[in-house]
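Q: I have a structure I would like to understand better, so I am pasting it below and will then ask my questions one at a time.
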Amino acid sequence: MKIWIDFINTPQVSFFEPIIEGLSKQGHTFILTCRDSSNTVQILKQKKWEFTIIGDRAEKGLVNKLASFPNRIRKLVSFLRNKKIDAAAGQSSFYLPLAARILGIPSLYTNDNEHALGNIPAFIFAKKIILPENFPIQNALKQGASKRKTSLYPGIKEGIYLWEKGEEITKHRQQSEPQTIYIRPEPQTAQYYKGKTNFLDNLLLDLKDSFNITLLVREKSQFEHYTAPQFKGISVPDKPLDFTTIAKDCLLFVGAGGSMTREMALIGIPTISVYQGDLLGVDKFLIDNGYMQHIPDLSSEKLLSDISGNQEKSSRNLLLEKGKNAYQLLMENIINLQQ
């Protein structure tokens with residue numbers, strides 16, 4: 011079976027990596043497309059996968075995003091028309107279900123963001139919808155999903171691709187003391203993000219002379235901002251770092267939203283979310299169950315008290331076992347799309 015996968019942002023590469031590997035071992039092949047957004051192209055190159063860039067970087071502002079949507083759909087349809095694709099699968103690619111429907115390809119769509127407006131066309135045109143168990147189902151129904159084609163998977167999205175890595179990372183952290191505070195700034199160009207920008211500046215300036223800090227920027231404008239002279243002493247990589255590298259060396263993770271914050275919390279690393287917008291259902295679940303804290307106005311004083319008093323949760327927890335089950339569920343549903 012030939013399967014099309016579309017990546018519109020960085021976390022989707024990690025999400026599909028074990029699925030691509032697992033299905034490839036079964037003899038299935040892939041057509042991969044991506045939008046040139048965030049670090050997506052860089053990470054795909056690191057994986058040494060064959061892929062095609064279709065569409066420019068994410069537009070800022072809802073009007074611009076809506077205007078660019080049909081143009082990318084047109085380009086995708088034109089590129090894929092003669093590729094003889096059997097099925098399609100996307101994690102938060104709003105384009106994939108509509109382009110697949112135009113081409114007569116059955117598609118699977120999954121997302122864990124109930125605030126994303128792109129869910130509306132995706133829910134309507136996908137053949138199969140699979141959502142995490144903490145996704146507010148009433149939100150999905152209001153956005154066009156039907157109960158008939160919607161299923162829930164156990165746990166959270168990040169468990170699907172981290173259930174195998176968790177034990178290895180935990181063993182390493184027990185043998186070698188982590189040294190670095192990793193900080194991930196806000197998703198400035200995301201349609202769902204309505205919060206402040208560069209709001210972590212004062213925190214970074216307070217901490218940079220006392221700790222090893224690595225700032226994991228999302229895009230070129232953030233890289234330019236945080237490599238200015240006043241932030242001297244903070245490491246700002248110009249290429250994406252491997253998740254395992256970060257997790258093994260992470261003393262504390264501070265994230266302003268997105269999958270990486272949940273990844274660290276899932277592995278058991280002390281994690282503080284400073285997200286400025288409305289929290290997702292999956293984030294509320296992690297906070298309510300003690301996997302991470304939410305401190306949107308985080309100060310250096312509060313962060314220092316967290317470092318001294320925060321204990322890691324064991325990675326051998328229910329969420330990783332649920333991740334394995336969710337991985338198997340997604341694999342089965344992709345294979346069964348043709349039925």
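In our numbering, the protein residues as written are 11 to 349.
The C-beta atom is built at its ideal place from N, Cα and C for all residues, glycine as well.
Just so it is clear, the structure is predicted and the values come from calculations on it, not from any experiment.
(1) Looking at residue 17 and residue 103, is the spacing between their C-beta atoms short of 8 Å?
(2) Spell out a yes or no on whether the stretch 300-310 and the stretch 133-144 are touching, meaning 3 or more CB-CB pairs, one atom from each, closer than 8 Å.
(3) Thinking C-alpha only, which one of 23, 313, 65 is nearest residue 57?
(4) Look at the alpha carbon of residue 182 and the alpha carbon of residue 175, and state the distance between them as a whole number of angstroms.
(5) Pick from 44, 32, 164, 45: whose alpha carbon is nearest that of residue 332?
(6) Would you identify the three-state DSSP class for residue 324, choosing helix, strand or coil?
(7) Taking the C-alpha atoms as reference points, what is the distance between residue 20 and residue 50?
(8) Can you name, in chain order, every residue of its own chain whose Cβ lies under 8 Å from the Cβ of residue 89, other than the five neighbours on each side?
(9) So for residue 156, helix, strand or coil by DSSP?
(10) Identify whether residue 133 lies in helix, strand or coil by the three-state DSSP scheme.
(11) Grab the span of the alpha helix (DSSP H) containing residue 47 for me, first residue to last.
(12) What are the start and end residues of the beta strand (DSSP E) that includes residue 263?
(13) Taking the Cβ atom as the reference point for each residue, do residue 107 and residue 131 lie within a distance shorter than 8 Å?
(14) Mark residue 338 as exposed unless 16 or more other C-beta atoms lie within 10 angstroms of its C-beta, in which case mark it buried.
(15) Determine the direct distance from the alpha carbon of residue 139 to that of residue 155, and round the result to whole angstroms.
(16) To which residues does DSSP link residue 283 through a beta bridge?
(17) Does the distance from the C-beta atom of residue 264 to that of residue 244 stay below 8 Å?
(18) Pick out the complete alpha helix (DSSP H) segments inside the stretch 177-234, 4 residues or longer, and give them in chain order.
(19) What does a CB cutoff of less than 6 Å around residue 110 pick up in its chain, not counting 5 residues either side in sequence?
(20) Just grab the DSSP bridge partners of residue 18 for me.
(21) Which residue marks the beginning of the beta strand (DSSP E) containing residue 142, and which one marks its end?
(22) Counting C-beta neighbours from all protein chains within 10 Å, is the total for residue 343 16 or more, i.e. buried, or is it exposed?
(23) Checking the sheet assignment: what are the DSSP bridge partners for residue 255?
A: By the coordinates alone:
(1) Going by C-beta atoms, residue 103 is nearer than 8 Å to residue 17.
(2) no
(3) 23
(4) 11 Å
(5) The shortest C-alpha separation from residue 332 is found at 164.
(6) At residue 324 the pLDDT is 49, less than 50, meaning the model places this residue with poor confidence; the figure from the coordinates comes in the next sentence. Coil, per DSSP.
(7) 4 Å
(8) Same-chain partners within the cutoff: 43, 62, 64.
(9) coil
(10) In this structure, residue 133 counts as helix in the three-state DSSP scheme.
(11) It is not in any alpha helix (DSSP H) - residue 47 carries neither H nor E in the DSSP assignment.
(12) 260-265
(13) yes
(14) Label assigned to residue 338: exposed.
(15) 8 Å
(16) Beta-bridge pairing links residue 283 to 265, 304.
(17) no
(18) 211-217
(19) Excluding its 5 nearest sequence neighbours in each direction, residue 110 has C-beta neighbours in its own chain below 6 Å: 98, 117, listed in chain order.
(20) None; residue 18 has no bridge partner.
(21) 138-142
(22) By the neighbour-count rule (16 or more Cβ atoms within 10 Å), residue 343 is buried.
(23) Per DSSP, none; premise fails for residue 255.
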